[in-house]
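**Q** So the sequence shown is numbered by the numbering used here: it starts at 16 and just counts up by one.
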Amino acid sequence: MQDFQVVFQSIKFSGKNDVKIKIQETDEFITTTKKAMAILSTIIENMAEGKSISIVSSKSELSTQQVAETLNVSRPHVVKLLETTKIPFRKVGSHRRVLLKDVIEYKRQLAKERDAQLEFLSNQAQKLNLGYE
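1) Check F44 in the structure and name its three-state DSSP category.
2) How many Å lie between R1 and N144 at the Cα?
3) Who are the Cβ neighbours of T46 in its own chain at under 6 Å, not counting the five residues just before and after it?
4) Counting Cβ pairs closer than 8 Å, one from the segment 81 to 94 and one from the segment 107 to 124, do we hit at least three?
5) So L86 and K122 are supposed to be a Cβ contact under 8 Å. How far apart are they, rounded?
6) Is I59 helix, strand or coil when you go by DSSP?
7) Quick check on this structure: which residue in M62, E76, V88 has the alpha carbon closest to the alpha carbon of K106?
8) What number of angstroms, rounded off, separates the C-alpha of L55 from the C-alpha of K142?
9) Between which two residues does the alpha helix (DSSP H) containing I119 stretch?
10) Just to confirm before moving on: does the CB-CB distance between I68 and M62 stay below 8 Å?
11) Please report the straight-line C-alpha distance between A126 and L136, rounded to a whole angstrom.
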């Protein structure tokens, strides 16, 4: 795993956009992009950590239950998020459908807001000499 990370880092900082990969068993070369290598790196890292991997289109639509599972919240909470327009959705009959890309964006925004709040609290604790260093 470390060998792959070293190779990926050297690819990342090279000036070229295309990357050639040699398959040892067949001596064949595969040409791909840095972006594809970044995705492959993320997949390999997650697999090494024992995490499951799913590859789906960002245009995929999710049910409210699937959104709840993705966000680790209850389905009624997801419905509330949708109805208050925190996450865009469309209705198919009486069912709500949410684009995966919108769920990912919402999750990213939550993380950004959480990080900002933690930074604020950390700064306040230091200003008030609360013993956090």
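Beta carbons are placed, not taken as given, at the ideal position from N, Cα and C, and that holds for glycine.
**A** Considering the structure as presented:
1) Start at 1 with the first residue of the sequence shown, and residue 44 comes out as number 29. DSSP places F44 in strand when its eight states are reduced to three.
2) Since the first residue shown for the chain is 16 and the last is 148, residue 1 is missing from the structure and cannot be characterised.
3) Residue numbering aside, residue 46 sits at position 31 when the sequence shown is read from its first letter. Only D33, K35 meet the Cβ criterion.
4) yes
5) Taking the first residue of the sequence shown as 1, we reach residue 86 at position 71. Taking the first residue of the sequence shown as 1, we reach residue 122 at position 107. Their Cβ separation, rounded to whole angstroms, is 6 Å, which keeps L86 and K122 in contact under 8 Å.
6) The residue you call residue 59 lines up with position 44 of the sequence shown. Looking at I59 - three-state DSSP - the assignment turns out to be helix.
7) Here the question's residue 106 lines up with position 91 in the sequence shown. Taking only the C-alpha atoms, the option nearest K106 is E76.
8) Within the sequence shown, residue 55 is the residue found at index 40, counting from 1. Within the sequence shown, residue 142 is the residue found at index 127, counting from 1. Cα-Cα distance, rounded: 43 Å.
9) On the sequence shown, position 104 is the one that residue 119 refers to. From DSSP, the alpha helix (DSSP H) with I119 extends over 115 to 142.
10) Reading the sequence shown from its first residue, position 53 is the one you call residue 68. Reading the sequence shown from its first residue, position 47 is the one you call residue 62. Yes, Cβ-Cβ distance for I68 and M62 is below 8 Å.
11) Stepping through the sequence shown from its first residue, residue 126 is reached at position 111. Stepping through the sequence shown from its first residue, residue 136 is reached at position 121. A126 and L136: Cα-Cα distance of roughly 15 Å.
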